[in-house]
Amino acid sequence: MRVFRFWVLWILLGLVNPWASAAPDANPLKLNAEEQAWIHHHPVLRVAVGAYSVPIEYIQGGTLHGLSAEYLATISLKTGLKFVYVETETAEQRTNLLRQNQVDLISSVRSAGTLPQADGVSYTTPYYSGATIIVTRSKEPVVFDIEDLNGKVIALSSASALSAIIHRRAPQSQVVTGRSTEEALEMVADGTADVTLGSEASLIPYLQHQYLDMLQISGVATGLMSNISMAVSSDQPVLYSILQKSLAAITASQANDIRTSWLATTEHGALSLSVVAGYYAHELALISLAIVLLIGLTWQANRLHKQAIRSEREKTMFLAVMSHEIRSPMNSVLAAVELLRYTRLDLRQQHFVDLANAGANMLLRLLDNVLDITRLEAGQLKLMPGPVDVQTLVNDVADLHQLRASEKGIALTTEIQPAIGVLMLDESRLAQVLHNLVSNAIKFTSTGEVKITVSATDSDDGKHKHLEIKVIDTGGGISEAVQATLFKPYSQADQSYRTSGGTGLGLVICRELVTLMHGTVAMHSAVGRGTTVTVSLRAAIAVELDQLSAAQAKTPAPQVSAHASSTANPSAHVLIVEDTPANQEVLAAQVTRLGCKATVAQDGATAMAEFTTHTFDLILMDCHLQDMDGYTLAAAMRNLETERKRERCPIVAISASTGSAHTERCFAAGMDGVLSKPIRLAKLEDVISLWCGVEATPFPETQPDHTDFDAEKIRRLMGADVTALLEAIVLGEVDLAARAAHRIHGAALTLGWEQMAEMGEQLDHLLRTGEYSDDEEFSASVLREFVRCWREVDRADSKEVRVFHS
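Counting from 564, one number per residue, gives the positions in the sequence shown under our numbering.
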C-alpha cells in the first residue's frame, strides 16, 4: 500500500511540475553575470541570412530553414535569445551590414581550410566541418586534386570561399559564379561548366534528389576542409563569448539530432524526371506498357462497338426493307385469295383457298414476330402507356380465342379479381403478350382446360398496383431441360412446328415486352402436369398518375365543349394545326369526310390568330411546327382562355412522336389527348365523337369528293419536302434537314407509306442526335434507301390517295 501511495505521489508531482522528471542537460551553459545582463538588455538579435544558400539556410514562408536554423534554435533554447532575419543575396552584402551595425549576427560564413580573416569581424568556431568534394558529369574522368582542374571551367556558388584557392592552385582554370549551389550544379549538368566544388553537406543532397546518374562525385580536394561559422562584429566581445559558449555546450548527441532534423526537413528541390526514371525504371516501363495496352484495348473495344452498332443498324434496315418488300406482295396474295373466296368454287378449290389463306397469314405473323424481336433487341420498340381496364382487356383476349378452344374441345375460362381498376399500361403490347401465351396454351393442350387468372395488390406508396396474370393449362407439360431453352429465339418444345406451327419467337417476344414494362415472366411446368406462365407487373394507378385518364375512366364520356353542346348543328368545327402540306390535305379530307368543318393553320402564329378570332369545337395540334412547338402553342391558348374567361376548347395532339415523355409533356401543356400518326379515320371519328358531343358519321362511299383527293398534289407537296431535305443536307444545315425529315415522317405515316415513314424517322433521329456526321457510311446508306423509297412512291400508278377507314 505504501508503494502504491509513493508512485501516485510521484505521478502527481510530475503532472504539477513536468520539469521535475526531465533529464538534466548533460553539458549546461554557464554564463557570467555580464553575459546574462547583456542578454537581458539585448533579447532580440538581427541575423543576416543568405537568400541562395540552400540547403545550409533559406527562408520559406517567413521561417528560416536549414542547418544554421537548427543551430540558432538550439542557441535560443540555451540562452533565451530571439532572432529576426534579414535576407541578403551575397556574402559581401552580409559582411557590410555587420560592419555598419545594421545586423548583429551572420548565421553562416563559409571558409575553406582555415578560418576567414576580415577587419572588424569575429568568427566563431565552425559548427560544421566537412570534406570539399569535386562534382563532374558522370562520363568525365576522375579528378583527384584541385591542380587537375587546370584548363577547365569551374562553377561556384556566390557564397563559396573557394575562388581564391582555385586561382592559386589551378591558375589556368576559369571560374563562373552562380547565385546558388543548385545553379552551379545546373551549369555542370547542361555543359556550361566542367566541374563544381563545395562542401559535401551542400552538394550531396542535390546529387541524390535531382542529378542521380547525371552528375557524380569525381573526387575529394585533399587537405581542404569546408567550414561553416557564425560571425559578429569585433566590437561585440560579450555576444561573441555567448555564442562560443553556446556552441561549445552542444553535446555530440545534440549535434547528431540537429543533423538528422536538418536532413529530414530541408527542401532540396523537386525530383527531376531523370531521378525518378533512375529509381523507378522497371516500374515506369511496366506502367508505360500497361498504358499502351489499355489504349490499344480501348481503341479496339471502341472499334468493335462501332462495328456492332453499324451491324445492328444494317440488320434493322435490312429487315425493314424486307418487311416492306415481302409485305407488299403478301398483301396482294391475301387480297387475291380474299376475292377468290367470293367466286364460285367447289369444295376442293375452297380447301385450297383456305390453305393458301392460312399459309399467307402465317407468313405475315412470322414477319411481324421477326420485326418485333429485332426492334426489341435494338432497343427501338417504345411503349405507349395509357389507361387500361385490365378486366376488359383480358375478357377481350379470351373471347378472341374462345372459338379455337371450342374447336379443340377444351374449356377457356377466366378468373379475374374484382375492382382491379384502370392501370397505366401499354394496352396493345400487353394484349400481344396475352395473345401469345393463350395461343400457346391452347396449341399444346389436347384435353382439359386453359384458365386465365388475374389478381392485383396495392403497393406501399398507394400509387401503384402489383398485377399478376397467370395462364394455366392442363397440357402435356414441359421438362426443365426444355424450359431452359424456350426463352431463346427460334427455340421450341419437341420441334413442335411440324405439328403446331410457329417460329419459336412468341415466348421471347413476351419476355422482352414484359421486361420493357419492368415486369417478369416465370414458367412452372412438369411433364404430364400442365404448365403455368406467370406475368408480374408493377403498374401505376391511372387515377393517381393522370387526372384526365381518371376522369375518362370514371365517367362514360368527357364533358364536351360548351359550343358543341349548346348548338343545334350536329357538325363540329375543327382547327387543324399542321405545317406539312401533305398532312394538311389528308387531315382536312378526313375531317370533311366525317361531316365536320375543317380550318387549316400552317404554323403557330396563324393558329393563334384563328383561335383568337373564332370559336372551335376541337383543335388537332401537331407538336412540331416551324415557328414554335405545339406544347408552347397549347399553353398560350390555355392562357388566352383564362384571360378572356372563354370555355375550354379540347386540344388533341397529333404527332409522329411516341412514348410516355411525349404524352406527359402534352398533358402538362394543357392538351386533352394524344393521337399518334398514322391517323386512321376510325380513330379520328372516335376523338370527334368523344370531345365534340356530335355523331361523326362518315358519308357513304358513293358521295363524291369526300373520300378522294388529288394524288398529284400530294406527290408535289411531298416532293417539295424531299427536295428541301436533300438541299439542307448538302448545305450542312442540320436543323432544317431534321425539320424536313420530321415532316416527311409524319406525312408518310398519315398516308400509310410505312417504308417512307420509317426512313424519314431514321433520318430525323440521325440528324437530331448528331449521328449523321459521326457515321457517314451508315447515314449515306439510310439516305440512299430513303431516296429509293421516294422514287418508288413517286412512280406509283395510283392517281388518288384514299382516306382509310381503319
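In this text, a Cβ means the ideal position worked out from N, Cα and C, and glycines have one as well. Model, not experiment: these values are computed from the prediction.
Asked                                                                                                                                : Found
Contact set for Ala1102: own chain, Cβ-Cβ below 7 angstroms, skip 5 residues either direction                                        : Leu986, Met987, Leu988, His1027, Lys1028 and Leu1030
Beta-bridge partners of Leu988, as assigned by DSSP                                                                                  : Gly949
Simplified DSSP assignment, three categories, for His1177                                                                            : coil
For Leu852 and Ala694, the rounded distance between their alpha carbons                                                              : 44 angstroms
From Gln980, Gln1165 and Ala1004, residue whose alpha carbon lies closest to that of Thr1020                                         : Gln980
Nearest-angstrom Cα separation, counted from Val1250 out to Ala961                                                                   : 27 angstroms
The alpha helix (DSSP H) enclosing Arg1156, as first and last residue numbers                                                        : Pro1144 to Arg1156
C-alpha distance - Gln807 paired with Leu725, whole-angstrom precision                                                               : 25 angstroms
For Met750, the first and last residue of its enclosing alpha helix (DSSP H)                                                         : Thr744 to Ala752
Close-in-space but distant-in-sequence residues of the same chain around Gly683 (CB under 6 angstroms, 5 per side omitted)           : Arg662 and Ser797
Three-state secondary structure (DSSP) of Tyr1053                                                                                    : Unreliable positioning characterises Tyr1053 in this predicted model, as indicated by a pLDDT of 48, which lies under 50. The coordinate reading is nonetheless provided below. In the structure shown, Tyr1053 sits in coil (DSSP, three-state: anything other than H, G, I, E or B).
Local Cβ density within 10 Å of Lys641, reported as buried at 16 or more and exposed below that                                      : buried
Chain-order list of residues whose beta-carbon lies under 6 angstroms from that of Gln737 (same chain, five-residue window excluded) : Val716
Expected contact under 8 angstroms - CB spacing of Ile697 and Gly786 to nearest Å                                                    : Ile697 to Gly786, Cβ: 13 angstroms. No contact.
Contact set for Ile728: own chain, Cβ-Cβ below 6 angstroms, skip 5 residues either direction                                         : Ala675
Distance, Ile780 Cα to Glu650 Cα                                                                                                     : 31 angstroms
Proximity to Leu678 [Cα-Cα], best of Val1149, Ala1105, Pro734 and Asn790                                                             : Asn790
Terminal residues of the beta strand (DSSP E) in which Leu712 lies                                                                   : Counting along the chain, Leu712 falls outside any beta strand (DSSP E), and DSSP gives it neither H nor E.
Sub-8 angstroms separation of Ala1164 and Ala1170 beta-carbons                                                                       : yes
Residue of Ser692, Tyr774 and Ile1005 minimising C-alpha distance to Gly1039                                                         : Ile1005
Rounded separation between Thr1448 and Ile872 - CA only                                                                              : The requested residue 1448 does not occur in the structure, where the chain is confined to residues 564 to 1369.
Nearest candidate by alpha-carbon position, reference Ile1035, set Arg1092, Glu970 and Arg742                                        : Arg1092
Proximity below 8 angstroms, CB of Thr1016 to CB of Glu978                                                                           : yes
Top-ranked residue by Cα proximity to Gly643, from Pro606, His1087 and Leu660                                                        : Pro606
Nearest neighbour of Thr687, chosen from Ala794, Thr699, Leu668 and Gly714 [CA to CA]                                                : Ala794
Strand pairing of Ala818, partner residues [DSSP]                                                                                    : Partner(s): none; Ala818 has no beta bridge.
For Ala1303 and Cys1352, the rounded distance between their alpha carbons                                                            : 16 angstroms
Own chain residues within Cβ distance below 8 angstroms of Glu652, not counting five before or after                                 : Gly613, Ala614, Tyr615, Ser721 and Arg742
Beta carbon of Asn1003 nearer than 8 angstroms to that of Ile1072                                                                    : no
Alpha-carbon to alpha-carbon, Ala600 and Asn664                                                                                      : 20 angstroms
Unbroken alpha helix (DSSP H) run spanning Asn659, endpoints                                                                         : Ala654 to Arg662
Integer Cβ distance of Val1090 from Ser1042, believed to fall under 8 angstroms                                                      : 5 angstroms
Met1191 vs Val1215 beta-carbon contact at 8 angstroms                                                                                : no
Where Ser721 sits in the DSSP three-state scheme                                                                                     : coil
Element boundaries [beta strand (DSSP E), containing Met793]                                                                         : Leu778 to Ser796
Nearest-angstrom Cβ-Cβ length linking Leu1049 and Leu1070, presumed shorter than 8 angstroms                                         : 5 angstroms
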